[in-house]
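J.: Residues 643 to 979, numbered by the working numbering, are exactly what the sequence shown covers, in order.
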Amino acid sequence: MQVQAGDLLGKINYPSDLKKLDEEQLEQVCQELRQYIIDVVSVNGGHFAASLGVVELTVALQFILNTPYDQLVWDVGHQAYGHKILTGRREAFHTNRIYGGLSGFPKRSESEYDTFGVGHSSTSISVALGMAVASQYKGETDRQHVAVIGDGAMTAGIAFEALNHAGIENSNLLVILNDNNMSIDPNVGALKDYLTNITTSKPYNRFRDDIAGVLAKISSIGPDAYNMALKIEKSIKGTLLKRSNFFEALKFRYFGPIDGHDVKHLVKVLRDLRDIPGPKLLHCITTKGKGYALAEKDQTKWHAPGLFDKITGEIKKTKQEKPQPPKYQDVFGHSII
């Protein structure tokens with residue numbers, strides 16, 4: 643079923659069209675993009691809450707980056723629906739997850755904007771790092787490499803291995819930590835508690851607001867001034883947090899946490915970070931299911947609800963009237979139990 647896009651979204655076929663808009667119009671683009679995802683997924687199915695949670699981040703990234711030359715890697719791919727819609731696939735989005743239609747995940751053969759074929763978690767940092775190192779060898783110093791990874795996916799070993807490696811490279815890599823305290827279910831463990839500690843540190847949050855812009859300006863003065871600024875910043879951060887920053891300890895420049903639903907501020911921060919060299923991590927606080935009240939309230943249920951009535955929230959059992967066979971994962975789960 644084809645769905646009508648909003649006034650601004652209907653004119654955006656590629657990121658180049660998005661860049662023609664004024665920054666003041668980006669909030670309306672976000673509203674229309676979120677509504678478009680709701681309209682299409684409600685009648686065609688697919689993953690839902692994750693893409694709603696990164697609408698503003700998706701718009702800001704495509705507004706600032708020069709994709710596909712700049713390489714954007716989405717972890718897992720659950721959250722990439724907005725990315726697909728803004729990169730030439732809006733008209734075909736109603737075929738998402740239908741045989742012969744669009745893939746439910748980023749797919750290289752589908753679009754040059756999909757830099758990596760992904761369907762499983764925690765691979766994005768390794769992938770983006772490999773791309774960044776390759777670009778460094780080729781002398782492409784102006785090329786940006788961005789990995790968007792959730793706080794749930796960040797707990798996997800492959801993500802830690804990538805952070806460990808990236809910290810000793812001087813490659814142009816930005817890791818965006820999409821922190822919504824959720825995987826498919828609520829997160830648990832020490833990393834979750836650590837991120838919560840950062841998020842709720844009021845003195846630290848007041849300090850970090852303008853640090854990205856300051857460092858970007860200082861970097862243009864020269865390496866000596868920039869290195870001195872980094873030492874001062876690290877000392878203040880350590881004092882405010884009363885312990886070492888985990889990401890700083892791995893030699894990442896840490897920025898945040900910031901509101902992942904403030905598209906104007908995201909644009910400003912991403913523009914500043916673009917001019918800061920080396921490995922960086924931007925910590926964004928988001929809400930999974932943002933903009934659809936039922937999904938915000940029960941994020942696990944609305945991770946991939948199937949077909950539903952977007953007005954009442956009633957979830958329909960199947961797209962077809964005839965009985966369906968049980969899903970493989972259900973048979974496997976019952977058998978194991």
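Virtual Cβ for every residue (Gly too), placed ideally from N, Cα, C.
1) Quick one: what's got a C-beta closer than 8 Å to N820's C-beta in the same chain, skipping five residues either side?
2) If you draw a straight line from the alpha carbon of V973 to that of P967, how long is it in whole angstroms?
3) How about R750 and G743: do their beta carbons lie closer than 8 Å?
4) Can you name, in chain order, every residue of its own chain whose Cβ lies under 6 Å from the Cβ of T737, other than the five neighbours on each side?
5) How about the region 727 to 736 and the region 654 to 663: do they share at least three Cβ pairs that are nearer than 8 Å?
6) Where does S781 land, buried or exposed, given buried means 16+ other C-beta within 10 angstroms?
7) Thinking just about the alpha-carbon of each residue, which of L703, F888, K932 is nearest to the one in D835?
8) Taking DSSP as the reference, what is the three-state secondary structure of P900?
9) Consult DSSP for H762 and reduce its assignment to one of helix, strand or coil.
10) To which residues of the same chain is S777 closer than 6 Å at the C-beta, ignoring the five residues directly before and after it?
11) Please identify the residue among E666, G724, K661 whose C-alpha is closest to the C-alpha of I680.
12) Suppose you measure from the CA of M796 to the CA of S764; what does that come to, to the nearest Å?
13) I believe M773 touches H787 by the beta-carbon criterion, under 8 Å. Please report the beta-carbon distance rounded to the nearest angstrom.
14) Name the two residues that bound the continuous beta strand (DSSP E) containing H787.
15) So, L650 versus Q677, is the Cβ gap smaller than 8 Å?
T.: The relevant details are as follows:
1) Residues G695, V696, L699, Q721, V790, I791, G792, D793, G902, C926, T928 of the same chain have their beta carbon placed closer than 8 Å to that of N820, with the five preceding and five following residues left out of the count.
2) Spanning the two alpha carbons is a distance of roughly 10 Å.
3) No. Outside cutoff.
4) The residues are G743, L744.
5) Look at the beta carbons and you see the region 727 to 736 touching the region 654 to 663: at least three pairs across the two are nearer than 8 Å.
6) The question names Ser, yet the displayed sequence has Gly at residue 781. With fewer than 16 other Cβ atoms within 10 Å, it is exposed.
7) Residue F888 holds the alpha-carbon nearest to the alpha-carbon of D835 among L703, F888, K932.
8) The amino acid at residue 900 is misidentified as Pro; the sequence shows Ile. DSSP places I900 in strand when its eight states are reduced to three.
9) Residue state, collapsed to three classes: coil.
10) Listed in chain order, the non-local C-beta contacts of S777 below 6 Å within the same chain comprise R785, local neighbours out to five positions each way being set aside.
11) Ranking E666, G724, K661 by CA distance to the CA of I680 puts G724 first.
12) Spanning the two alpha carbons is a distance of roughly 6 Å.
13) The pair is a contact, with the Cβ atoms about 5 Å apart (cut-off 8 Å).
14) Start and end: 787 to 792.
15) Note that the C-beta distance between L650 and Q677 is not below 8 Å.
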